[in-house]
Every structure is written in structure tokens, then in C-alpha cells.
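**Student:** Have a look at the structure that comes next, please.
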């Protein structure tokens, strides 16, 4: 859950929806530098990586990604920036998927359910979502 692990934060997201966006961040990088960045991002989650490519990719990460994802890839709940240093991937952790995210960006939208579902139903969903992180 990207936006906090409290019941109130989960209910807020269910009731009001969420908008999440990852802008294109690699406009100034050539294809080789993007490949290096992909390898570094994968390495943050413990995946095997070419050490030289990851070292080069870290330089791009430090320049382009740290502000939202943190120095160690721990993410930023306030911004909705996901962790990159675990094995949970919103869109998948394959190289081509990461490359697509970097080159094209992402726009995610969760609709609001306050006017669609009963309060009891929304509470059950919130409890279920919270149980997934236990």
C-alpha cells in the first residue's frame, strides 16, 4: 500500500480515490544510460545485476530519482512514490517494464468508492487491504 498503512489512510483512499503519476524522467539520457539505470533499479530489489552497469545507473538514479524514491529506494508515502528496494512491483520488475516506466511514465488512477459502496463494504475492504501487509 503506497499511501500509508493506517486504517484512516486506507479508508481515505477508498472513499476519495487516488491519482498517481510517474513523469518521464529520462529525457536527457541515451539508450545505454537508460539500460544502466534499469539495471541499477533492478539491483535495488536484490535482483542479480551487472556491477559495472549498476554503478553507472546509480549515477543517473542519484540525479533523477532520489528526490521521489529516496537515496536507498525506500520511496515516499507522502508523494505516493513506491519503494524500489523490495520485490513488490506495481507494474512488474522485468527490464522492459522498468524501461517503459522510465521512458513513457505512468499514470495510475483509483476511483472513489464513497458514493458507490456502502460504508460497511468499504470498511471490510479496508480491513482486507490492511490484512495483506501483516
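Residue numbers (the working numbering): 1119 to 1252. Each residue gets a CB set at the ideal place from its N, CA and C atoms; glycine is no exception. Please read these numbers as outputs of a predicted model, since none were measured by experiment.
Would you say residue 1178 and residue 1147 are within 8 Å of each other, going by their C-beta atoms?
**Tutor:** Within the chain shown, numbered from 1, the residue matching residue 1178 stands at position 60. Within the chain shown, numbered from 1, the residue matching residue 1147 stands at position 29. Yes, the Cβ-Cβ distance between residue 1178 and residue 1147 is below 8 Å.
**Student:** With three or more C-beta pairs closer than 8 Å as the rule, is the segment 1198-1216 touching the segment 1158-1170?
**Tutor:** Verdict: yes, contact present.
**Student:** Using a Cβ distance threshold of 8 Å, determine whether the segment 1170-1184 contacts the segment 1150-1162, with at least three qualifying pairs required.
**Tutor:** Flag = yes, the segment 1170-1184 and the segment 1150-1162 touch.
**Student:** Taking the continuous alpha helix (DSSP H) assigned at residue 1203, which residues delimit it?
**Tutor:** Translated into positions along the chain shown, residue 1203 becomes position 85. Where residue 1203 is concerned, there is no enclosing alpha helix (DSSP H), given that its DSSP letter is neither H nor E.
**Student:** Do the segment 1122-1137 and the segment 1240-1247 meet, that is, are 3 or more Cβ pairs less than 8 Å apart?
**Tutor:** Verdict: yes, contact present.
**Student:** Quick check: residue 1194 and residue 1139, are their CB atoms within less than 8 Å of each other?
**Tutor:** The residue labelled residue 1194 in the question sits at position 76 within the chain shown. The residue labelled residue 1139 in the question sits at position 21 within the chain shown. No.
**Student:** Check residue 1139 in the structure and name its three-state DSSP category.
**Tutor:** As a first step, residue 1139 must be located in the chain shown, where it is residue number 21. Strand, per DSSP.
**Student:** Sorry if obvious, but does the Cβ on residue 1180 come closer than 7 Å to a heavy atom of the ligand ADP?
**Tutor:** Although the ligand ADP was asked about, the structure shown includes no ligands whatsoever.
**Student:** Taking the alpha carbon of residue 1132 as the reference point, which residue from 1251, 1249 and 1234 has its own alpha carbon closest?
**Tutor:** As a working note, residue 1132 is residue 14 in the chain shown. The residue with the shortest Cα to Cα distance from residue 1132 is 1234.
**Student:** Looking at residue 1135: is its Cβ nearer than 8 Å to the Cβ of residue 1213?
**Tutor:** The sequence position of residue 1135 within the chain shown is 17, counting from 1. The sequence position of residue 1213 within the chain shown is 95, counting from 1. Taking 8 Å as the Cβ cut-off, residue 1135 and residue 1213 do not qualify as a contacting pair.
**Student:** If you reduce the DSSP assignment to three classes, tell me which class residue 1122 lands in.
**Tutor:** Within the chain shown, the letter at position 4 stands for residue 1122. Residue 1122: coil per DSSP, three-state reduction.
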